[in-house]
Amino acid sequence: MMLPLRWKIFRLLSYLHMALTTLIAALAVIGLSESRFNFRSFEDVAALILLILFPTTLLANSSVNILILERYYPDRVPGKRLRGFSIALFILALLSIVAAVTGAIAAFVALLSRESGSMGRDLIGYLVAAAIALIGLTGVYILWFQVSLRKAIRRNHEMALDSFLDDEESGNEIPLR
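In the working numbering, the protein residues as written are -13 to 163.
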């Protein structure tokens, strides 16, 4: 079956979101490895946990969305476990995206309010803040269409069941596939 354009865009943005999230996570890990974190204070440990949790949540959410789109669209309802896992990831991804957008805004404000340092460092800061903002913006789109995908699958499933039951009631033979 050919996917409608909106679901192709959704899939493409999910892959883009995964790539950007991986890139930012890798840059953060490199930055952490070069910093002087001693991981003895609560703030350092909390930052490390968030650094691991946020990208992992976004990657898992996009992966589950792609899985649901590929395996269950247009009218197969995912199992109860997958639906529950998807809802939990949705909530965590929503929190992660809010944090990403807030962090990007804070980074832009911090970069714009300070005096210019080295051009290279400022440029890298702007690029990282822009990438985080892009993760947030694509994340909002993905979350919106994640809900739409769930509704479309449920609606298509109900229409397929209704059609099946109508055909059965009318006495028409239904060919087996």
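Even glycine gets a Cβ: it sits at the ideal position worked out from N, Cα and C.
Note that the structure is predicted; figures quoted are calculated from it, not measured.
Tell me whether THR88 is buried or exposed, calling it buried when 16 or more other Cβ atoms sit within 10 Å of its Cβ.
exposed
Original post:
Expressed to the nearest angstrom, what Euclidean distance is found between the alpha-carbon atoms of ARG100 and SER82?
Top reply: 27 Å
| message | Is the beta carbon of ALA86 closer than 8 Å to that of GLY125? | response | yes
How should THR8 be labelled, buried or exposed, when 16 other C-beta atoms within 10 angstroms of its C-beta is the threshold for buried? exposed
Could you tell me whether the region 62 to 80 touches the region 112 to 121, using the rule of 3 or more Cβ pairs below 8 Å? no
#### Entry: Nearest candidate by alpha-carbon position, reference SER72, set GLY17, ALA12, ILE54
ILE54
Q) What number of angstroms, rounded off, separates the C-alpha of ARG163 from the C-alpha of VAL133? A) Low confidence applies to ARG163: its pLDDT is 40, below 50, so where it sits in the model is not reliable enough to give any reading.
Taking 8 Å as the threshold (C-beta atoms), are LEU36 and MET201 in contact? An answer regarding residue 201 cannot be provided, because it is not within the stretch -13 to 163 covered by the chain.
> Which class does ARG26 belong to by DSSP, given the choice of helix, strand or coil?
Replying inline: coil
Whether or not the region 138 to 155 and the region 58 to 66 are in contact is what I'm after, with contact meaning three or more pairs of Cβ atoms, one per stretch, closer than 8 Å; do they touch?
yes
Which residue from ALA90, LEU123, PHE94, SER0 puts its Cα closest to that of VAL50?
-> SER0
**Item:** SER171, buried or exposed, once every other Cβ within 10 Å from all chains shown has been counted against 16
**Value:** Not covered by the structure: residue 171. The range shown for the chain is -13 to 163.
- Item | Rounded Cβ spacing between ILE118 and ALA93 (contact assumed at less than 8 Å) | 7 Å
Check this for me: beta carbons of PRO41 and ILE10, under 8 Å apart or not?
yes
**Prompt:** Around the Cβ of ALA14, are there at least 16 other Cβ atoms within 10 angstroms (buried) or fewer (exposed)?
**Reply:** buried
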